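S.K.: Once you've had a glance at the structure underneath, I'll fire off some questions.
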Amino acid sequence: MTTAWLVLALGNSREHAGNDGYDDSPSQHYSWDSTVQNHARVAVGDVIALWDRKELIGVSVIEAIDTAIAEKTLYSCPQCGKADIKRRQREKPAYRCGKCGHLFPAPRQRTRPVTTYRSAHSKRWMNGRGLLSGSELRALCDAPKSQLSMRPARWERLRQALLDVTGQASTVKDIAAATRLAIAGGHRESMVRVRVGQEAFRKQLLRAQGEICAFTGPTPAAALEAAHLYSYAESGEHHDYGGLLLRRDIHRLFDLGYIAVDTAGGTVDVASSLSHYPCYAQLHGQPLKMQFRPEQRGWLDAHWLSKRPRV
Numbered sequence: 001m002t003t004a005w006l007v008l009a010l011g012n013s014r015e016h017a018g019n020d021g022y023d024d025s026p027s028q029h030y031s032w033d034s035t036v037q038n039h040a041r042v043a044v045g046d047v048i049a050l051w052d053r054k055e056l057i058g059v060s061v062i063e064a065i066d067t068a069i070a071e072k073t074l075y076s077c078p079q080c081g082k083a084d085i086k087r088r089q090r091e092k093p094a095y096r097c098g099k100c101g102h103l104f105p106a107p108r109q110r111t112r113p114v115t116t117y118r119s120a121h122s123k124r125w126m127n128g129r130g131l132l133s134g135s136e137l138r139a140l141c142d143a144p145k146s147q148l149s150m151r152p153a154r155w156e157r158l159r160q161a162l163l164d165v166t167g168q169a170s171t172v173k174d175i176a177a178a179t180r181l182a183i184a185g186g187h188r189e190s191m192v193r194v195r196v197g198q199e200a201f202r203k204q205l206l207r208a209q210g211e212i213c214a215f216t217g218p219t220p221a222a223a224l225e226a227a228h229l230y231s232y233a234e235s236g237e238h239h240d241y242g243g244l245l246l247r248r249d250i251h252r253l254f255d256l257g258y259i260a261v262d263t264a265g266g267t268v269d270v271a272s273s274l275s276h277y278p279c280y281a282q283l284h285g286q287p288l289k290m291q292f293r294p295e296q297r298g299w300l301d302a303h304w305l306s307k308r309p310r311v
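Quick note on UniProt numbering: the sequence shown kicks off at 1 and runs consecutively.
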């Protein structure tokens, strides 16, 4: 029997401030960790239905689950120690405890090791906006009054509800077929260091630079990454003007030194070892798609000197 999960994806609109939240992209991936109830029960081949408490966001089938070990920062009330704290929008102090009512300017912090999980589910994604309300989704769960962020639901009832409101039998059947064809897999564990503030750094670059790869031009935001112009692993800091938006493959080649910037001419420089790959070779000598700032010149020159001799 197919297992389905109703999972909460609030993005930046969540009220609870007991942790830093999760890096979710509903149509692509969903993240959680071992502090979440049912964290280890979700498996490849399960149906995943994402909602925001008000309505369905979308439905798909989990293709893979990546796991890792990371340090998680947890926040709590400095008076009672509970994590039921909320960030206030305009009032001061900035935080209020939902348990004891204490008001305070900053929460208590502590870190703990957790197992992190990230699903991949883009292949069978079905947009669900406007199809099912929050109350309709709750009724499909094994425990309709549950407050869990990951709760089991009845796939047969969810499938029928989607058929009733969409009439898209082929799309829903495609999801159902994928649950039977999913390749059994497992989890792999690795030790990772999480880059605190990386998503905020990327959003800042998107606001400042737009959906443009600095080396290749207009690119969908989903394919753009925030590339540091210096070693973040060494500094651990996000500097103003310290990054460029790069397409994922370009970012990798930039980090390895196969692609660099000739600051004298403001052009892209591609290593000769990539000359047999036309999509990269044609970038050589082309001007950057955005003008780099004076503050970035030093980092770009240092990148050239440190990376280019190795390739």
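Glycine is no exception: its CB is placed at the ideal position from the N, C-alpha and C atoms. Only a predicted model underlies this, so the values are computations on that prediction, with no experimental measurement involved.
On the three-state DSSP scale, how would you describe Val-270?
M.R.: strand
S.K.: Between the beta-carbon of Thr-267 and the beta-carbon of Pro-287, is there less than 8 Å?
M.R.: yes
S.K.: Determine the direct distance from the alpha carbon of Met-150 to that of Asn-38, and round the result to whole angstroms.
M.R.: 7 Å
S.K.: According to DSSP, simplified to helix, strand and coil, what is Tyr-75?
M.R.: strand
S.K.: Just to confirm my understanding: we take residue 317, look at its own chain, exclude 5 residues before and 5 after, and list those with CB closer than 7 Å. What are they?
M.R.: No answer is possible for residue 317: it lies beyond the span of the chain, which begins at 1 and ends at 311.
S.K.: Does the segment 42-62 come close enough to the segment 130-137 to have 3 or more Cβ pairs within less than 8 Å?
M.R.: yes
S.K.: What distance in whole Å lies between the Cβ atoms of Arg-118 and residue 312, which are believed to be in contact at a cut-off of 8 Å?
M.R.: Outside the displayed span of the chain (1 to 311) sits residue 312, for which this structure offers no information.
S.K.: Keeping to the same chain, check which residues put their C-beta closer than 6 Å to that of Lys-99; ignore five residues upstream and five downstream.
M.R.: Cys-80, Lys-82 and Asp-84
S.K.: CA-CA distance, Ala-302 and Gly-265?
M.R.: For the pair Ala-302 and Gly-265, the Cα-to-Cα distance works out to about 16 Å.
S.K.: Starting from Asp-33 and walking both ways along the beta strand (DSSP E), at which residues does that stretch end?
M.R.: 29-33
S.K.: Report yes or no: do the segment 151-168 and the segment 62-72 share at least 3 C-beta pairs separated by less than 8 Å?
M.R.: Here the segment 151-168 does not lie against the segment 62-72, with fewer than 3 beta-carbon pairs under 8 Å apart.
S.K.: What are the boundary residues of the beta strand (DSSP E) that Cys-97 is part of?
M.R.: 95-97
S.K.: Measuring straight from C-alpha to C-alpha, what distance separates Thr-116 and Ser-60?
M.R.: Their Cα atoms are separated by approximately 20 Å.
S.K.: Whose C-beta lies closer than 6 Å to the C-beta of Leu-244 among residues of the same chain, with five residues either side of it excluded?
M.R.: Here the set comprises Ala-214 and Ala-227.
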